[in-house]
Every structure is written in structure tokens, then in C-alpha cells.
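Chemist:
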Amino acid sequence: MCSGCYLKENESPKVEEIQVEGPKSGEVRVRMLFASICHTDVLGCRGFPTPLFPRVLGHEGVGMSIQGQQLYHFLSCSTWSQYTVVDVNYLVKIHPNIPLPHASFLSCGFTTGFGAVWKEAKVHKGSTVAVVGLGAVGLGVIEGARVHGASRIIGIDINQSKQAVGEAFGMTDFINPKLESDKSISEMVKLLTGGCGVDYSFECTGVAQLVNEALETTKVGIGKLMMLGAATDKSVEIDFVTLLSCRTLKYAVFGGVKVQSDLPLVIHKCINKEIQNLDRLSTHQVALEDISTAFQLLKEPQCVKALQVFSRAPKVSRLNVHKQQDIRDSARQAHIRAKPEGIPTTLSDD
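Under full-length UniProt numbering, residues 1 to 350 are what the sequence shown spells out, in order.
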């Protein structure tokens, strides 16, 4: 028996005692050490991407590999539990020198942004970049653009406190649309770029109404928009005239990063200080039993990432449930990072 963040349909998440079955052939049991909280987890409470309940939430985390009622994984990970059992195909070794909280952050949001710059957009030296939304994904984009030599990196967010953290990662200009209500985002970006727009734009919020605005920030003929945010909206309207101007729009799951081959390279860059300031991502820490507090923290202006620390045994109500049989549906975007027995492992969606 162990404690996990358990969610029933139309109810709020709560920590209860659950029973996790032992690993079968091709599976690994992981004892969680840290798990971070992503906006996608908030969407998961609403049934994203497939409304399978009850479920154990969480898809970012780091742990150590060790040897009733159906309970579903969230994105095949379910990191918000003291123990989880995952398919071995979702495992990849991580370097022991990476700080474990950093490994948790790298298992989803930040790497999604960094990878989109590196693997998908292929930002080149001297190029210009706009980033809509400065959460963990957007900050990953900024860091990736800095590492790859972008000459101008424009951050866009309605939260003024994001200016300082964006600048710490390499942002050169900041736009707060709330302070310029008479202009659109694309107009403000073009004012900073001589009327041309940017080479690359990254939409990191998942807000459907911002997709056209982000696309309009790019240069006619060669501009590229990468969509990275997760949302529950099933459709997005695109301005046809904008597409006629030969701009490119693309969505990238996990920033195009290949877990087995690329994630170790990202971790190597962190260890070698090519990627910096990851400590700036961790703004709050909570225990598993305080998960409701973590959801509230995500709404706070100063919060970038809230980190769950699995350290003390929570007081929980008792509920006997069985480990889910992994669901291979449209939610199959999950990847969990791990090491051999007794070695730190990270977990994430892809």
C-alpha cells in the first residue's frame, strides 16, 4: 500500500492509500522522490486527453527503480504516487550528476520548449524569436534560443513578474499585452522588429485565441510558428489570409525530443552548464498530501513550477484499488525516465 493523488470523475483530487500491483514482465516499479506539477495536470483533472476515471495524476517526476477497482494512469506515468509501475519501454537512464529536482523539470515542460527550438524549429544564429507565455515551456524556449544564438528573444506574458525570470534565461525584450491594450500582440512584436516580425514564434499557452496572433508575429514567406501549449479546446480557427502568406505552423509533442537519444543530451548540457538557471524554475515545494495547495500555487503570479517532495508519510484515508493496465489510446504520449535498480530515474510525458 502507498499514498497517491487519486482523482474520481467530477471530484477534486485527494490523497488516499492505494494498492499498486507488482511489476509484470516488461515493467519496472519506481519509488518516487520528486514530482513536478504541469499545466497539463490541471487539464487532466478535467478529463484530458481521454476521460478515464478514476486516475492517479502526474507525468513529471524523478524516482528510483526497485524490485478491487481499476485505476488508470495519467499519460502512462502517474507520478503523483509514492510508487508507480511503468512499461520498461518508457524508461531511459539519466546521469547521476543531475540534481533530482532538475531531472523532474526536464521530464516535460522545460525540455518541450528547449527541444522545439533545437529539434523542430532549428533556430539559427542571429535569428529573431517571439515566445508567447513564459511558464516552464516558454522559459525552455528562451533558454534554447539563447543557446542557439538568437539575436533577439521577445517574451510575451500578461504577468509582469515574468519579466525578471525571462531575462535571467536570456530574454532581450518583454511585452505585457495588458499594458498596451490598444495594440495587438503581433503589432507590438512588429514594432520591435522594424515592421517585419520574427523568424520564429512559439505559442506556449494553449490558448486557442492566441494562435493566430502568434502566427501573425512571424515574417511573411519564411516565418514559422511552433505550437507547444496543451488545451482542452478541440479546434482552432486559423486566418486563411495568414496561411496564404506562406508562413508555417507546426505542433510538436515534447518539442520533438526523442527520449532515448535526445534527453540524455539535454541532461549533459545541464551538467556542463550550457543550460543554466534551472533553479529559477523551482519556486515552490509541497508534500504529496498538500496537492490541493499546489493547484492553487499554479494560479499565483510568482509560481513557475511547484515541486512535490516525497519525504514524509501523509495521513490518508484508506482505499484499496488495483494498478491499471496501461491504456494505449490517444493519451499515449508518455515517457518515463529511469535507471537500473537503486539508481535515480525520471518520469515524463512525451
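C-beta: ideal position from N, C-alpha, C; glycine also.
Nearest by alpha-carbon distance to threonine 217: which of Ala230, Val189, Leu244 and Lys234 is it?
Modeler: Val189
Chemist: What do you reckon, is the C-beta of proline 96 under 7 angstroms from a heavy atom of the ligand ZN?
Modeler: In terms of ligand content, the structure shown is empty, and the ligand ZN therefore cannot be addressed.
Chemist: For valine 259, count neighbouring Cβ atoms within 10 angstroms of its own Cβ and tell me buried if that reaches 16, exposed if not.
Modeler: buried
Chemist: Hey, could you find the ends of the alpha helix (DSSP H) methionine 188 is sitting in?
Modeler: 185-192
Chemist: Less than 8 angstroms between the CB atoms is what I'm expecting for lysine 219 and glycine 197, so what's the real figure, rounded?
Modeler: 5 angstroms
Chemist: According to DSSP, is glycine 4 helix, strand or coil?
Modeler: strand
Chemist: Please determine, among Ala231, Pro177, Ala103 and Ile98, the residue with the shortest C-alpha to C-alpha distance to glutamate 158.
Modeler: According to the sequence displayed, residue 158 carries isoleucine and not glutamate. Out of Ala231, Pro177, Ala103 and Ile98, Pro177 has the C-alpha closest to the C-alpha of isoleucine 158.
Chemist: Output the distance between the C-alpha atoms of valine 236 and proline 96, rounded to the nearest integer angstrom.
Modeler: Straight-line Cα distance between these residues: approximately 42 angstroms.
Chemist: Could you tell me which whole alpha helix (DSSP H) segments of length 4 or greater appear in the stretch 94-158?
Modeler: 100-106, 109-115 and 136-147, all fully within the stretch 94-158.
Chemist: Quick one: complete beta strand (DSSP E) runs, 3+ long, within the stretch 262-313?
Modeler: 282-287 and 305-309
Chemist: On the DSSP letters alone, give me the boundaries of the beta strand (DSSP E) that lysine 219 sits inside.
Modeler: Looking at the DSSP string, lysine 219 is not in any beta strand (DSSP E), and its letter there is neither H nor E.
Chemist: Closest to proline 301 by CA distance: which of Ser104, Gly256 and Gly133 is it?
Modeler: Gly133
Chemist: Within 10 angstroms of its Cβ, does asparagine 212 collect 16 or more other Cβ (buried), or is it exposed?
Modeler: buried
Chemist: From the DSSP output, in three-state form, read off residue 355 for me.
Modeler: Here the chain covers residues 1 to 350 and nothing more, so residue 355 does not appear.
Chemist: Look up glycine 197 in the DSSP assignment and say whether it is helix, strand or coil.
Modeler: Here DSSP, grouped into helix, strand and coil, assigns glycine 197 to coil.
Chemist: Along the chain, where does the alpha helix (DSSP H) that runs through phenylalanine 169 open and close?
Modeler: Per DSSP, phenylalanine 169 belongs to the alpha helix (DSSP H) from 162-169.
Chemist: Just confirm the distance between the C-beta atoms of leucine 106 and leucine 33, as a whole number of angstroms; I'd bet it's less than 8 angstroms.
Modeler: Not a contact, Cβ separation roughly 14 angstroms.
Chemist: When DSSP builds the beta bridges, which residues end up paired with aspartate 173?
Modeler: Ile154
Chemist: When you compare each of Ala230, Thr242, Val266 and Val28 to alanine 214 by their alpha carbons, which one comes out closest?
Modeler: Minimum Cα distance to alanine 214 is reached at Thr242.
Chemist: Can you find a CB in chain B that lies within less than 8 angstroms of the CB of proline 101?
Modeler: You won't find chain B in this structure, because it holds only one protein chain.
Chemist: Helix, strand or coil for leucine 57 per DSSP?
Modeler: coil
Chemist: Using three-state DSSP, classify lysine 224 as helix, strand or coil.
Modeler: strand
Chemist: For a test of the three-state rule: what should DSSP assign to glutamate 21, helix, strand or coil?
Modeler: When secondary structure is reduced to three states using DSSP, glutamate 21 falls in the coil class, being assigned neither helix nor strand.
Chemist: Consult DSSP for lysine 178 and reduce its assignment to one of helix, strand or coil.
Modeler: The answer is helix: DSSP assigns lysine 178 an H, G or I state.
Chemist: Over the uninterrupted beta strand (DSSP E) stretch that includes threonine 248, give me the two end residues.
Modeler: 248-251
Chemist: Quick check on DSSP: helix, strand or coil for phenylalanine 254?
Modeler: DSSP, read as helix, strand or coil, puts phenylalanine 254 in helix.
Chemist: Just curious, the alpha helix (DSSP H) that phenylalanine 240 is in, first and last residue?
Modeler: 240-244
Chemist: Quick test of your reading: threonine 84 and valine 20, contact by CB under 8 angstroms. State the CB separation rounded to the nearest angstrom.
Modeler: Taking 8 angstroms as the upper bound for CB-CB distance, threonine 84 and valine 20 are in contact here, some 7 angstroms apart.
Chemist: Roughly how many angstroms lie between the CA atoms of lysine 224 and arginine 247, to the nearest whole one?
Modeler: Here the alpha carbon of lysine 224 sits roughly 6 angstroms from the alpha carbon of arginine 247.
Chemist: So if DSSP puts phenylalanine 34 in a beta bridge, which residue, or which two residues, is it bridged to?
Modeler: Val62 and Val309
Chemist: Within a Cβ cutoff of 7 angstroms, which residues of the same chain sit near isoleucine 142, ignoring the five residues on either side of it in sequence?
Modeler: Val131, Ile153, Gly155, Gly166, Phe169, Gly170 and Met171
Chemist: With H, G and I counted as helix, E and B as strand and the rest as coil, what does DSSP make of glutamate 237?
Modeler: coil
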